[in-house]
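Heads up, the sequence shown is in numbering that gives the first Met the number 0, so the first residue is 0 and it goes up one at a time. Each residue gets a CB set at the ideal place from its N, CA and C atoms; glycine is no exception.
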Amino acid sequence: MAMLELSQAGKTYLHQGIAVTALHPLSLSIGAGEFLCLSGPSGSGKTTLLNLMGVIDAPTTGTVILAGKGTAGLSRAQTARLRRQHLGLVFQEHNLIPVLSAYENIEYVLLLHGVPAPRRRERVRHVLEMVGLDECAERRPGEMSGGQQQRVTIARAIVNSPAVVLADEPTASLDSATGQSILDLLQRLNREQGITFVFSSHDPRMIGQADRIIALRDGRLASDLRP
Ligand SMILES: Nc1ncnc2c1ncn2[C@@H]1O[C@H](COP(=O)(O)OP(=O)(O)OP(=O)(O)O)[C@@H](O)[C@H]1O
Ligand SMILES: [Mg+2]
Numbered sequence: 000m001a002m003l004e005l006s007q008a009g010k011t012y013l014h015q016g017i018a019v020t021a022l023h024p025l026s027l028s029i030g031a032g033e034f035l036c037l038s039g040p041s042g043s044g045k046t047t048l049l050n051l052m053g054v055i056d057a058p059t060t061g062t063v064i065l066a067g068k069g070t071a072g073l074s075r076a077q078t079a080r081l082r083r084q085h086l087g088l089v090f091q092e093h094n095l096i097p098v099l100s101a102y103e104n105i106e107y108v109l110l111l112h113g114v115p116a117p118r119r120r121e122r123v124r125h126v127l128e129m130v131g132l133d134e135c136a137e138r139r140p141g142e143m144s145g146g147q148q149q150r151v152t153i154a155r156a157i158v159n160s161p162a163v164v165l166a167d168e169p170t171a172s173l174d175s176a177t178g179q180s181i182l183d184l185l186q187r188l189n190r191e192q193g194i195t196f197v198f199s200s201h202d203p204r205m206i207g208q209a210d211r212i213i214a215l216r217d218g219r220l221a222s223d224l225r226p
C-alpha cells in the first residue's frame, strides 16, 4: 500500500501580490518501508514538498493522500489528528521545548494522545534507548550537543510509532561525523522498525545512502532513481 500518494499536487504562494510557483504539479507514490531522499539545490522546492506530505500546508492544486486517507477539506483538528496518527516530523521549526528535559519533550507527544502514565514511561524509555540517549533523559536541550538534540527530536518523532517520518535536512546543522551517525540511526530505524523515511538533503553522502532519490529542480521533478 502507498503510504503517501500525491496526484498533481502543486503549490503556488502569493508573495506581495505576485504568484510564485514553488512546486509545479507532480504525482508521486511512496510505499511502506522506503528510505527516500529529496535532493536539489536551495529553492528547488524540497521543504515545500515535505510540507505538503506532512499536511502542514495544503496544495493549491491536486491532492495528497496519507495512509489511504484524503487530506483535502479537513478541519484543523482533523488535520492535526491525522498528522498525529501517522506522521513523525523532524523539522527545524518543530524544535525542542527549551524548558523541558529530553524525557519531557518526548513524553509531551504522548500526553497529547492521552496515553496513560505507565505506558508513557515505557514508550519514552524505549525510544530514548533506541536512539542511545537513556543517560540524557533529564537534560534540557541546552545541556546537550547538537547531535544529541537531533536524536531527541528523532525519538520524539517515533515515540508514537508513526508509519512515516518526514525530516527536513536532519543533518544540516551538524558536523559531518555527527551527521553520519544521525543518518545511520535513521537507516537503522528504517530497517529494524520498518518506518518509512522521507528526508531532504544537499549532502552527497546522505543522498548516496538512500534507497530512492527524488531530485527537484526549479519546483519540478527532475529525476526519480532507485540506485
Ligand atoms: N511562504 C512562502 N512565500 C513565498 N515564497 C515561498 C514561500 N516558501 C517558499 N517559497 C519559495 O518557493 C521556492 C521553494 O522553496 P523551498 O523552501 O521549498 O526550497 P528548498 O528546496 O527547501 O530550499 P533550501 O534547500 O534552501 O531549504 C523558493 O523559490 C522559495 O523562495
Ligand atoms: Mg528547505
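At 4 residues or longer, what runs of the alpha helix (DSSP H) sit wholly inside the stretch 155-196?
175-192
Per-residue DSSP class, three states only, for Val54:
On the sequence shown, position 55 is the one that residue 54 refers to. Coil, per DSSP.
Can you have a look at Lys10 and say buried or exposed, based on whether 16 or more other CB atoms are within 10 angstroms of its CB?
By one-based count along the sequence shown, residue 10 stands at place 11. The residue is buried, with at least 16 neighbouring Cβ atoms inside 10 Å.
For chain B, find out if any of its Cβ atoms is closer than 7 Å to the Cβ of His85; answer yes or no.
You won't find chain B in this structure, because it holds only one protein chain.
How many angstroms separate the CA atom of Ile206 from the CA atom of Leu49?
The count along the sequence shown starts at 1 and reaches residue 206 at position 207. The count along the sequence shown starts at 1 and reaches residue 49 at position 50. Each residue's alpha carbon lies about 16 Å from the other.
Can you give the Cα-Cα distance for Thr46 and Ser199, rounded to whole angstroms?
Here the question's residue 46 lines up with position 47 in the sequence shown. Here the question's residue 199 lines up with position 200 in the sequence shown. Using only the alpha carbons, I get a separation of about 8 Å.
Is there at least one non-hydrogen atom of ligand 1 closer than 6 Å to the beta-carbon of Ser200?
For the purposes of this step, residue 200 is taken as the residue at position 201 of the sequence shown. Incorrect: Ser200 has no Cβ contact closer than 6 Å to ligand 1.
If you reduce the DSSP assignment to three classes, tell me which class Gln7 lands in.
Here residue 7 corresponds to residue number 8 of the sequence shown, with the count starting at 1. In the structure shown, Gln7 sits in a strand (DSSP, three-state: E or B).
Looking at the unbroken alpha helix (DSSP H) that takes in Ala116, where does it start and where does it end?
Counting from 1 along the sequence shown, the entry for residue 116 is found at position 117. It spans 116-129 - the alpha helix (DSSP H) in which Ala116 sits, taken as one unbroken run.
Going straight from the alpha carbon of Ala209 to that of Asp202, what length do you get?
Taking the sequence shown and counting its residues from 1, one reaches residue 209 at position 210. Taking the sequence shown and counting its residues from 1, one reaches residue 202 at position 203. Distance between the alpha carbons of Ala209 and Asp202 is about 11 Å.
Could you compute how far the alpha carbon of Ser41 sits from the alpha carbon of Gln179?
Looking up residue 41 in the sequence shown gives position 42. Looking up residue 179 in the sequence shown gives position 180. Straight across, the Cα-Cα distance linking Ser41 with Gln179 is about 21 Å.
Could you check if Ser41 belongs to the surroundings of ligand 1, using beta carbon to heavy atom distance under 6 Å?
Reading the sequence shown from its first residue, position 42 is the one you call residue 41. Ser41 has its CB nearer than 6 Å to a heavy atom of ligand 1.
When DSSP builds the beta bridges, which residues end up paired with Ile29?
In the sequence shown, counting from the first residue as 1, residue 29 sits at position 30. Ile29 pairs with Leu3.
Which residue's Cα is closest to the Cα of Gln249: Ile153, Leu51, Val108?
The first residue shown for the chain is 0 and the last is 226, placing residue 249 beyond what the model contains.
For Ile17, does the count of other Cβ atoms within 10 angstroms reach 16, so buried, or fall short, so exposed?
Taking the first residue of the sequence shown as position 1, residue 17 is located at position 18. Exposed, since its Cβ has fewer than 16 Cβ neighbours within 10 Å.
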